[in-house]
Each structure stands twice: as structure tokens, then as C-alpha cells.
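In the numbering used here, the protein residues as written are 748 to 1010.
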Ligand code: T5A
């Protein structure tokens, strides 16, 4: 049973202890080992994980717009199947958790503690992995996901109160893979705010936070891009739509060419 390679989580069993004996002391020791073991994703365990492409960035920078553009590019490149999805969400359970997380509908005005927020995000992500992402990658599809684990590092980690090691731990236990390519749409906070205001939607529970929070989110994303430039490509999202489209197209086509796919 792969402890870090999927969603199956089980305490380690000591080799000299028969599985059938009910041994609380041994079981507790097993859990202690498991909990303290360092977890770092060093390589993608799924051969098709490179087909997971994510869109990241602050509020209203244009991720959904770019997602559809990337999908068209993949279609042009004759990619067999493209699954468009988002986080939090992407499954029935995940969309229900999204309502709670963003304070929508009956959850409007509700309190969500920081620890609850982190765990709900990973609960939604675990469901997303099991129900959508892993099966799609296994059958050779591309998965385009609007936000993924980098958002958690930026929002709950860099800008929020969650410790980095807690996020890493949850990621390695319940996600187990990195996207092959992440397009980080970067723009000043006010650019995203103006775009959302022009759209006229009421702000959700997270969008209501102060600009200083979103400055930390932006810095968190950029720090991750700096640490992993091979995977995370920064797109200047403050430019006009045609320019953003061009930057995205160049980046995605280069990535596909690296995997021997060309339009
Ligand atoms: N969250 C999520 C966490 O805190 N932790 C996590 O781990 C995860 C996964 C999700 C919220 O959850 C948080 C972060 C978020 O607060 P969301 O719906 O993904 O919510 O968040 P938003 O970023 O707010 O998504 P939006 O759909 O509102 O914005 P997009 O997708 O970035 O922007 P888009 O494409 O809808 O564009 C916005 C408007 O701008 C225009 C578009 O036409 C649209 O009207 N536009 C442009 N205008 C001018 N120039 C351009 N280049 C433009 N590009 C788009």
C-alpha cells in the first residue's frame, strides 16, 4: 500500500508483529513513526503526471480565461482528451466544500477557522484526486486545473497562518504529485480587483480580505516560481488579453514540444 503515492493512508506495520494480533502499543508506535517520517515529493510517481497543467495567481487575474485558451491549444495539438476542472471543487463533494470555504449560499457570513480552511481544502483536493485527476491521467488525458496546491502554499501558507510543514505533509500524503506545468498569472492586486469589479460579482469570503493579505499571496506565488522555475512559468497578466494569450501560447507550445507534441 503506497503511503505517499496516492490517497491510501495506513499506519506502518512493524515487520515482526503479525497483522492479526491486536496490539495497541505497537499500533501507536506505528502511527508515531508514520507521523514523524519526513515527506517530500521528489519525483512524480504517476508517469502521466506531466499532463497535469495548472493555472495559478491572485484574484481576478484571468486564470479562467487562460484555461480556455490552453484547452484550445491542446485541441489544436490533437491531445486526445482534455479535462477542465478547478479547485476548490471539481467534484460534487468538492463543490459543496467550495460553498463552505467561500461562504456562498447558506454558508454566507459563516466562520471558518484557519485550520478548518486548510483541512477542507485538502479534503476537497483528496476527493478531486481520487475521482477526477488520477483516473484522467491514468487514461492519458490532459488535466487543466484552475488552481491547485500552489494556491494553498500562497493563500494559507504565505498569506495565512498555516505552517509550511503542515501543507507539505498534507500534500505528500493526499496529493502525491506535482503538476508538470504551472502558469502563474501575475499582476498587481488592483488590476485583479478592477477586473472583478467590472464583472460585477459580489466578493466572496476570501475576496473580502485586505490588500495586505493579497500582497503576501502574490509574494508567496512569486517565491515558489523562483524556487521552481522549471515547472512554474510566470505570465505577465497585467497586459492586454492578446499579449497574455501570446505569452501563454509560447509557454505551452514550448512545454508540449519538450514532450514531443506539436500542433
Ligand atoms: N483558494 C483556493 C485558497 O485560498 N486556497 C486554495 O488552495 C485554493 C485552491 C477560489 C478562491 O479560493 C482560494 C483562492 C480564491 O480566493 P476562484 O474562483 O478560483 O476562487 O478565484 P478567483 O481568482 O477570484 O477566480 P475568478 O474566476 O474570479 O478570476 P480569474 O479566473 O483569475 O479571472 P477571469 O479569467 O475570470 O477574469 C476576470 C475578468 O477579467 C477579464 C475577464 O474577461 C473577466 O471579466 N480579463 C481581462 N481583462 C483585461 N485584460 C486581460 N488580460 C484579462 N484577462 C481576463
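From the three backbone atoms N, C-alpha and C, an ideal C-beta is built for every residue, glycine too.
Check	Outcome
Straight-line Cα distance separating residue 870 from residue 917	10 Å
Exposed unless 16 or more other CB atoms sit within 10 angstroms - verdict on residue 970	exposed
Enclosing beta strand (DSSP E) for residue 889 [first to last residue]	889 to 893
Distance cut-off 7 Å: residue 984 Cβ against heavy atoms of the ligand T5A	yes
Whether residue 899 touches residue 868 by CB criterion (8 Å)	yes
Neighbourhood of residue 998 by C-beta distance below 6 Å, restricted to the same chain and skipping five residues each side	980
Extent of the continuous alpha helix (DSSP H) to which residue 958 belongs	958 to 974
Inter-residue spacing [alpha-carbon to alpha-carbon] between residue 832 and residue 890	7 Å
Under the three-state DSSP convention, the category residue 781 falls into	The predicted position of residue 781 is uncertain, since its pLDDT is 35 and thus under 50; a value taken from the coordinates is nonetheless stated next. The answer is helix: DSSP assigns residue 781 an H, G or I state.
Proximity winner among 863, 822, 805, relative to residue 967 (alpha-carbon distances)	805
Proximity test, residue 958 beta-carbon vs the ligand T5A heavy atom, cut-off 7 Å	no
4-residue-minimum alpha helix (DSSP H) runs that sit fully inside the stretch 812 to 855, ordered along the chain	839 to 849
Terminal residues of the alpha helix (DSSP H) in which residue 914 lies	911 to 921
Residue 1007: CB within 7 Å of a non-hydrogen atom of the ligand T5A	no
Neighbour-count burial assignment, residue 858, 16 or more Cβ in a 10 Å radius	exposed
Distance between residue 834 and residue 874 (C-alpha atoms, nearest Å)	11 Å
Beta-carbon gap between residue 951 and residue 844 smaller than 8 Å	no
Check: residue 808 C-beta below 7 Å from any heavy atom of the ligand T5A	yes
In DSSP terms, what residue 804 is bridged to	932
Check: residue 880 C-beta below 7 Å from any heavy atom of the ligand T5A	no
Start and end residues, alpha helix (DSSP H) containing residue 981	First-last for residue 981: 979 to 983, but that is the beta strand (DSSP E), not the alpha helix (DSSP H).
Beta bridge counterpart(s) of residue 1000 as assigned by DSSP	Beta-bridge pairing links residue 1000 to no other residue.
The ligand T5A heavy atom lying under 7 Å from the CB of residue 903	yes
Presumed contact (8 Å Cβ cut-off) between residue 995 and residue 928, rounded CB distance	Contact doesn't hold; Cβ gap of about 11 Å is too wide.
The stretch 798 to 815 / the stretch 878 to 898 touching (three or more Cβ pairs under 8 Å)	yes
Whether residue 888 touches residue 798 by CB criterion (8 Å)	yes
Which residues DSSP lists as bridging residue 799, in chain order	890
Helix, strand or coil at residue 903 [DSSP, three-state]	helix
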